[in-house]
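Take a look at the structure below.
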Amino acid sequence: MNNGWPNDIDNIATILNNSGPAPPEHIRKDVLRRCKRYNYVWVGKNKVTCLEPHEIEYIMGYPDDHTSVLNTTDRYKCLANAFQVNTVAYHLSVLKNLFSDGIKVLSLFSGIGGAQVLK
């Protein structure tokens, strides 16, 4: 989360609007770097924004207002370090046909930040 995100978002829009129809490569790289770092999403021409907690909940498969009892900062923190089990199960369901004998070990915490499937 970026505590200064409104200024950063306005800065990105200004830079892109002043760059013309084809921004130079260094500007494109900087904008994409910031979008990746702060999880900005494109919402229009030269316009980015942060997802709101209720939008993150929706994307992750949680019920509406699942974290609404928390303040906004804590909602972002909780959602940043979470996954919804039914959503993960759905995405992993394609593995069922690939492993006819079943999956023996499934580790969502392999130590490198990704899922690991061992047979």
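Residue numbers for the sequence shown, in UniProt numbering: 1 to 119.
Beta carbons: idealized from backbone N, C-alpha and C, even for Gly.
For the pair the segment 49–68 and the segment 77–88, tell me if three or more CB-CB distances fall below 8 Å.
yes
Under the three-state DSSP convention, the category K47 falls into:
strand
Cβ pair A13, N46 closer than 7 Å: If you check the CB distance, A13 and N46 come in under 7 Å.
Using only the alpha-carbon positions, how far apart do V88 and N17 sit? 39 Å
Legend entry - Whole runs of the alpha helix (DSSP H) within the segment 30–94, excluding any shorter than 4 residues: 53–60, 72–80, 85–92
Under 8 Å by Cβ, that's how I've got I9 and Y40 pegged, so tell me the actual separation to the nearest angstrom.
With a Cβ gap of about 7 Å, I9 and Y40 count as contacting.
Practice prompt. Note down, in chain order, each residue of its chain lying with its Cβ closer than 7 Å to the Cβ of Y62, except the 5 sequence neighbours on either side.
Written response: Q84
* Buried or exposed: which applies to M1, given that a residue is buried once 16 or more other Cβ atoms fall within 10 Å of its Cβ? -> In this prediction, M1 has a pLDDT of 47, which is less than 50 and means its spatial position is unreliable; what the coordinates show is noted afterwards. It is exposed - the Cβ of M1 has fewer than 16 other Cβ atoms within 10 Å.
Nearest-angstrom Cα distance between V48 and F99? 41 Å
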